[in-house]
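Which chain is which? The protein sequence lines are A and B, in order.
The opening position of the first sequence corresponds to residue 1 in this note's numbering, with each subsequent residue numbered one higher.
The opening position of the second sequence corresponds to residue 255 in this note's numbering, with each subsequent residue numbered one higher.
Worksheet: the structure to be examined is printed underneath.
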Amino acid sequence: MALLEVSNLGIAFGGLQAVDKLDLRIEQGQLYGLIGPNGAGKTTVFNMLTGVYKPTEGNIVLDGRDITGLPPARISQAGIARTFQNIRLFDKMSVLDNVKVGLHNRYKYNMLTGILRLPAYREKEHEMNREARKLLKIFELDKEEKLTASQLPYGKQRKLEIARALATNPKLLLLDEPAAGMNPNETAELMNTIKFVRDTFHISVLLIEHDMSFVMGICEYITVLNYGRELARGTGKEIRNNPNVIAAYLGGDD
Amino acid sequence: MLQRIKTMRSSTRSNLVTYGIVLGFYAAVQLLNAAGLLSSAFIGQLVPICAYVMLAISLNLTVGFLGELSLGHAGFMSIGAFSGVSFWMATQGRIPAWLGVLCALVIGAVCAGIFGLLIGVPVLRLEGDYLAIVTLAFGQIIVNVINALYIGIDARGLHISLKDAASLNLAEDGKVIINGAMGITNIPKASTFTLGIVLVVLTLAVVLNLIHSRAGRAITAIRDNEIAAQSIGINLTKYKLMAFIISAVFAGVAGVLYALNFTSLVSRRFDYNTSITILMFVVLGGMGSIRGSIIAAAALTVLPELMRSFGMESYRMLIYAIVLIAMMLFNSAPAAIEWRKKTAQKLQGVWAAHKKPAGTGSGKGAA
Chain A
1 MALLEVSNLG
11 IAFGGLQAVD
21 KLDLRIEQGQ
31 LYGLIGPNGA
41 GKTTVFNMLT
51 GVYKPTEGNI
61 VLDGRDITGL
71 PPARISQAGI
81 ARTFQNIRLF
91 DKMSVLDNVK
101 VGLHNRYKYN
111 MLTGILRLPA
121 YREKEHEMNR
131 EARKLLKIFE
141 LDKEEKLTAS
151 QLPYGKQRKL
161 EIARALATNP
171 KLLLLDEPAA
181 GMNPNETAEL
191 MNTIKFVRDT
201 FHISVLLIEH
211 DMSFVMGICE
221 YITVLNYGRE
231 LARGTGKEIR
241 NNPNVIAAYL
251 GGDD
Chain B
255 MLQRIKTMRS
265 STRSNLVTYG
275 IVLGFYAAVQ
285 LLNAAGLLSS
295 AFIGQLVPIC
305 AYVMLAISLN
315 LTVGFLGELS
325 LGHAGFMSIG
335 AFSGVSFWMA
345 TQGRIPAWLG
355 VLCALVIGAV
365 CAGIFGLLIG
375 VPVLRLEGDY
385 LAIVTLAFGQ
395 IIVNVINALY
405 IGIDARGLHI
415 SLKDAASLNL
425 AEDGKVIING
435 AMGITNIPKA
445 STFTLGIVLV
455 VLTLAVVLNL
465 IHSRAGRAIT
475 AIRDNEIAAQ
485 SIGINLTKYK
495 LMAFIISAVF
505 AGVAGVLYAL
515 NFTSLVSRRF
525 DYNTSITILM
535 FVVLGGMGSI
545 RGSIIAAAAL
555 TVLPELMRSF
565 GMESYRMLIY
575 AIVLIAMMLF
585 NSAPAAIEWR
595 KKTAQKLQGV
605 WAAHKKPAGT
615 GSGKGAA
């Protein structure tokens, strides 16, 4: 059984059908790409998968559990984590705390334990610090843990966002344009990091990206979206040679 | 000891400084008072200072850490004040005074907390300006309802009316506790500066410990980015309500402390002007800065008294305004930020130059 099975997914905003009859099937451990021209509805798909938007049709099944229309916090607990196209960090919190918030549902103690500083507080905080630092180390952010998130340079902010998402212990990680604004070196490094993350944490990754060499270099399977509908799907090679895809990207005479 | 201070987390160190300021203030006041250097007007301000410091700290939890602008803080203060003092009046002479004060504080806290929950549930669905306006309205509703509230007690129990004192139908031995717009009168004063400082430290401990815990991180995360907070599994409603209710609870306690410092209590004292004043402490002290709230609340409560002694009390609002504008500019104008950076660098330079020759001598002693 696939990790994520999306069938007949659709959403309409008023009269506009933003996404229509979309099917996605992501296997355990797969690196999956979702591409398409601007305005194709890629981020809308992410927002439906993470509960920001409620789909008007269709089903989303994660690991055998129907999560269609659940609120975002519940979907996070079910095992989907994400990053955002326009980075959304907790700007005024420290780098370490950003990751520790991500651990929120994994290391629990109640409010009174925190206020009264009971032994469980010390113990859990200690575990959280250790776990958070482990994640920061993977993304080479361990030296910057005391800075506030907004003090980090852009590339590191992107990394911190991934670290925070991983802190929730997801089964599926959604990355919305992870390579945006990165130079070729950083992009190559990011590719390795994503593969490393997939292998170490045993998760599947679904990513949106415009950088084609990035997508072709990393994704094992790709769905192309155009005007909210699936235009093509297949391996990188199949997509590259698909005349419909070439037409959609370069403009052809349909 | 010094070594331990150096190695502890910077947040812990900063918290210790905050507690130190409060306790230092307490010690200084006690010393100056023993030396007879304090005017009676200033001594009269000590309990209100403690109450306002508590109000500023608790409002800072909502405004500075949760990031929601609440303009109804005085409403929670008045609920605490009236419920706590009603209990205090009703049990006069029946239970020991210390127990009465303690119960009054707890009752004020619980009642304000309940109203925090009742008001928080609908209000926290709103955002930004809308939330501010609705909390302002709720604050006014509370004040106006209490203004029309009559409560009396006799052998048969509590009597409540919204019409007039006569319709309470009290027995011969009964007494009116809350008399509508006249409020509560002839309150035996029970608040002391020491009690106030104890409560300030309690508020500080709860708020600071909360902020540096799992729940506090969730609250701050909601302030920084609601969508991202949701996406990592934080229950927005739960933590927004938690911050709002804790904030209301301490406003209630502060209300009891404040009210027990005066012989009479009317609800008009808790109208929106008071809410704005508390908000001003928070803004002036810096949103999200607990230490700032304390200093601003204390300074601005003393300021009118200070000006009175210089015969300038009619300029109070003018000076408030100038101080506020100056602080805003100092905090956020680009030119001011640049100037602050430069000055800090210069000072560091001076400090380093000053320290070098002196440091070689004292370094050995310290080691």
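A virtual CB, placed ideally from N, CA and C, is assigned to each residue, including glycine.
Cβ of residue i within 8 angstroms of any chain A Cβ
i: B:G487; result: yes
i: B:I499; result: no
i: B:L313; result: no
i: B:N235; result: Residue 235 of chain B lies beyond the range of chain B shown here (255 to 621); nothing can be said about it.
i: B:V460; result: yes
i: B:I541; result: Before going on, a small fix: residue 541 of chain B reads as Met here, not Ile. So no, B:M541 is outside the interface.
i: B:I473; result: no
i: B:Q484; result: yes
i: B:K618; result: Its pLDDT being 38, under 50, B:K618 is placed unreliably by the model, and nothing is read from it.
i: B:R468; result: yes
i: B:I591; result: no
i: B:N479; result: yes
i: B:L353; result: no
i: B:M581; result: no
i: B:M331; result: no
CB contact flag (residue i, residue j, <8 angstroms)
i: A:N105; j: A:T168; result: yes
i: B:G362; j: B:V460; result: no
i: B:F319; j: B:R477; result: yes
i: B:I333; j: B:A305; result: no
i: A:I203; j: A:T83; result: no
i: B:S485; j: A:S94; result: no
i: A:V19; j: A:L4; result: no
i: B:H413; j: B:N423; result: yes
i: B:M436; j: B:A469; result: no
i: B:S518; j: B:I438; result: yes
i: A:L295; j: A:L173; result: There is no way to answer for residue 295 of chain A, as the model of chain A reaches only from 1 to 254.
i: A:F90; j: A:V99; result: no
i: B:A505; j: B:I488; result: no
i: B:I441; j: B:I405; result: no
i: A:L103; j: A:E131; result: yes
i: A:E186; j: A:G155; result: yes
i: B:T316; j: B:F524; result: no
i: A:R122; j: B:N479; result: no
i: A:G217; j: A:M191; result: yes
Chain B within 8 angstroms of residue i, Cβ atoms only
i: A:K100; result: yes
i: A:F201; result: no
i: A:S204; result: no
i: A:D254; result: Note that A:D254 scores 48 on pLDDT, short of 50, meaning its location in the model is unreliable; the coordinates nonetheless yield the value given after this. Answer no: the Cβ-Cβ gap between A:D254 and chain B never drops below 8 angstroms.
i: A:F139; result: no
i: A:M126; result: Reading off the sequence shown, one finds His at residue 126 of chain A, where the question assumed Met. So no, A:H126 is outside the interface.
i: A:A179; result: no
i: A:F46; result: no
i: A:I115; result: yes
i: A:A73; result: yes
i: A:M93; result: yes
i: A:R229; result: no
Reference residue i, options the options, closest by Cα
i: B:N463; options: A:R65, A:L118 and A:P71; result: A:L118
i: B:T448; options: B:V317, B:L309, B:S268 and B:G278; result: B:G278
i: A:N38; options: A:L70, A:N226, A:R88 and A:M111; result: A:N226
i: B:N433; options: B:L403, B:V455, B:E426 and B:V454; result: B:L403
i: B:L378; options: B:G321, B:A575, B:L578 and B:H608; result: B:G321
i: B:F516; options: B:I576, B:K494 and B:Q299; result: B:Q299
i: B:L533; options: B:L560, B:S501 and B:S563; result: B:S501
i: B:T266; options: B:G393, B:H466, B:L291 and B:L286; result: B:H466
i: B:V301; options: B:Y512, B:L286 and B:L325; result: B:Y512
i: A:P71; options: B:G370, B:L359 and B:A483; result: B:A483
CB contact check: residue i to chain D, cutoff 8 angstroms
i: A:N86; result: The question asks about chain D, but that chain is absent: this structure's protein chains are A and B.
Heavy atom of the ligand FMN within 7 angstroms of residue i beta-carbon
i: A:A120; result: Judged by which ligands are present, the structure shown has none, so any question about the ligand FMN falls away.
* Pairing CB atoms from the stretch 341-359 of chain B with CB atoms from the stretch 538-552 of chain B, are three or more of them under 8 angstroms? -> no
* Can at least three beta-carbon pairs, one atom from the stretch 345-359 of chain B and one from the stretch 524-535 of chain B, be found at a separation below 8 angstroms? -> no
* Is it true that the stretch 221-231 of chain A meets the stretch 27-37 of chain A, where meeting means three or more beta-carbon pairs spaced less than 8 angstroms apart? -> yes
* Asked: Does the pairing of the stretch 33-45 of chain A with the stretch 195-211 of chain A give three or more beta-carbon distances under 8 angstroms?
  -> yes
* Asked: Counting pairs of beta carbons, one from the stretch 375-391 of chain B and one from the stretch 410-427 of chain B, are three or more of them closer than 8 angstroms?
  -> no
* Could you tell me whether the stretch 228-248 of chain A touches the stretch 65-76 of chain A, where touching means 3 or more Cβ pairs closer than 8 angstroms? => no
* **Segment contact, 8 angstroms Cβ cut-off, at least three pairs: the stretch 127-147 of chain A with the stretch 40-60 of chain A** => no
* To do: Only counting runs of 4 or more residues, tell me where the alpha helix (DSSP H) segments fall wholly within the stretch 110-134 of chain A, in order along the chain.
  => 111-116
* **Completely contained alpha helix (DSSP H) runs for the stretch 292-352 of chain B, where each covers 4 or more residues** => 294-314 and 327-344
* Where are the beta strand (DSSP E) runs, 3 residues long or more, that stay fully inside the stretch 392-417 of chain B, in chain order? -> 404-408 and 411-415
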